[in-house]
Structure formats: C-alpha cells, structure tokens
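Our numbering puts the first residue of the sequence shown at 32, with every later residue one more than the last.
All C-beta atoms, glycine included, are put in the ideal place defined by N, C-alpha and C.
Values in this document were obtained by computation on a predicted structure and should not be read as measured data.
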Amino acid sequence: MGFIILIMLFVALFQYIEVKNYNKSNYKKETGYPYTKVRFNSGLYGEYLSFNILNKVEGHKRILANVYVPKEKGGTTEIDVVMIHEKGIFVIESKNYSGWIFGDEKNKNWTQSFKNGRKERFYNPIWQNQSHIRHLSKLLNIEDKNTMKSIIAFSERCTLKKLQVYSEGIRVINRHELEKTVNMMILGSCCYLGREQVDAIYNKLKGYSNVSEGIKRRHNKKCGSILHIQ
C-alpha cells in the first residue's frame with residue numbers, strides 16, 4: 032500500500048510540475064489554451080512540444096501557433112507553427128503520429144503503417160505545407176521563395192521508413208531533430224529579415240491566430256480526413 036501511495040504522489044508531483052511549466056510557456060501566452068485542452072489533444076500537444084523546441088533557437092525570432100491564413104478564393108488554411116526569424120520564415124507542419132511512415136514528395140498520399148498490419152493513408156504533408164506557404168506568401172506579399180522554409184515534424188513515436196524529398200528548403204524529420212534542423216537551415220540561409228521586419232510580420236500574423244470558434248468550425252468543415260486503405 033505504501034508503495035502505491037508513493038507512486039501516486041510521484042505522479043501528482045510530475046503533473047503539478049508539467050502544468051506549472053505549461054502555464055509559464057510562450058505557447059500558453061500565444062494561444063491561451065488551458066493545459067487540459069492541449070495535453071489531451073494529440074495534435075495540440077505536438078504543436079506545444081515543437082513550439083518549446085523552437086524557443087531554444089538563437090537569434091531574434093517570434094513564434095506563433097494555429098495561424099488561420101485566408102485563401103484567395105475563400106476559406107482558410109491553418110499553419111500549426113510559424114517561426115519568424117532573422118534568417119527566414121519557418122513554417123512547421125506538426126504530425127503527432129505513431130507507426131511507420133512511407134512517402135514521396137511527388138505522391139498525393141502517404142502511408143502510416145502499424146505493427147498489427149493496419150495501414151492508413153494521409154494527404155502528402157509536403158503538399159499541405161506548400162499550400163500554407165503559398166497563401167502565407169500572398170498574405171505577406173513575399174515573392175522571394177528563399178524566405179520561406181518548410182519543415183514537416185513527425186513525433187518521436189513514429190519511424191520515418193522510406194521518404195523521398197527532392198526540393199531544397201524542405202525537411203521531413205522527427206521532432207527531436209527540429210532544433211538541429213532549424214539551426215542548419217539558418218546557417219545555410221541567404222535571406223535576412225531585420226528585427227523590425229520580424230516584429231512587423233509577427234504583429235500582422237498575430238491577428239490571424241486566436242481566431243473565433245466560428246472560423247475554426249468553418250475551417251474544420253472543409254478539412255479532409257485520413258483515407259483508410261482497405
């Protein structure tokens with residue numbers, strides 16, 4: 032009985048520390064989401080973890096989550112995490128998946144495979160992020176393609192088995208590689224945004240985050256779901 036009580040106390044202490052750290056995080060400041068909403072939502076929790084990693088990147092930067100960028104023909108496209116940095120704008124598509132991941136930049140759908148043999152198809156996240164970048168570039172009136180950096184960050188719970196990526200400025204990684212990957216992309220970046228420009232872009236995009244529940248519902252209605260392989 033004493034051992035069980037000790038375990039319960041340890042779990043309670045761990046959760047207390049986790050909640051305290053979350054409430055002090057920049058992610059909480061930017062989104063306003065309560066801890067329970069994030070912790071028990073796989074997608075949001077993945078964004079939170081990616082957000083925390085990006086906070087470690089050096090240089091003048093501003094980070095936003097859940098940015099709903101308007102499309103030219105109506106509707107919105109949602110960017111999971113965007114970091115505006117002196118060396119470019121990093122657009123991160125967070126995939127908090129498990130299993131084995133197979134994909135090719137040229138193919139419309141990728142495959143998620145599990146140990147029990149079940150397979151699921153999902154829309155090519157490179158294409159998804161390219162759409163985000165296209166609409167974001169239009170919104171910000173940015174024509175230089177070198178300014179935008181595309182990163183697809185899968186969780187540590189999955190294995191990237193067979194992936195083919197051909198384009199420069201695109202990275203498909205596990206989340207634990209995010210800081211290293213961003214730092215390498217910064218070193219290789221030829222663009223430069225001044226501090227005032229970084230802040231101006233952040234201030235403009237801030238108005239497209241923390242949107243109303245009505246906008247979120249309309250966006251979610253138009254989003255496709257995972258396609259199951261029979």
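query	result
Which residues bound the beta strand (DSSP E) around V69?	Here V69 belongs to no beta strand (DSSP E); instead the alpha helix (DSSP H) covers Y66 to R70.
Just how far apart, CA to CA, sit I110 and N147?	32 Å
Note down the Cα distance separating L171 from Y66, rounded to an integer number of angstroms.	32 Å
Taking only three categories from DSSP, how would you classify V98?	strand
Quick check: what's the CA-CA separation for H116 versus L80?	19 Å
For N138, which of helix, strand or coil comes out of DSSP?	coil
Between which residues of its own chain and Y64 is the CB-CB distance below 7 Å, once the five residues before and five after are set aside?	L75
Which ranges does the beta strand (DSSP E) cover as unbroken runs of at least 3 residues, wholly within the region 138–181, from first to last along the chain?	140–144 and 150–154
Among H166, D230 and K180, which one has its Cα closest to the Cα of K104?	H166
Locate the alpha helix (DSSP H) running through V112, then write down its first and last residues.	Careful: V112 lies outside any alpha helix (DSSP H), inside the beta strand (DSSP E) at T107 to H116.
Is the beta carbon of S17 sitting closer than 7 Å to the one on N160?	Because the chain is modelled from 32 through 261, residue 17 falls outside the range shown and cannot be assessed.
For chain B, check one thing: does any of its Cβ atoms lie closer than 7 Å to the Cβ of N205?	Within the model displayed, chain B is absent; a lone protein chain is all it includes.
In the DSSP assignment, find the alpha helix (DSSP H) that holds G262 and state where it starts and stops.	The chain is shown from 32 up to 261; residue 262 falls before or after that span and cannot be answered.
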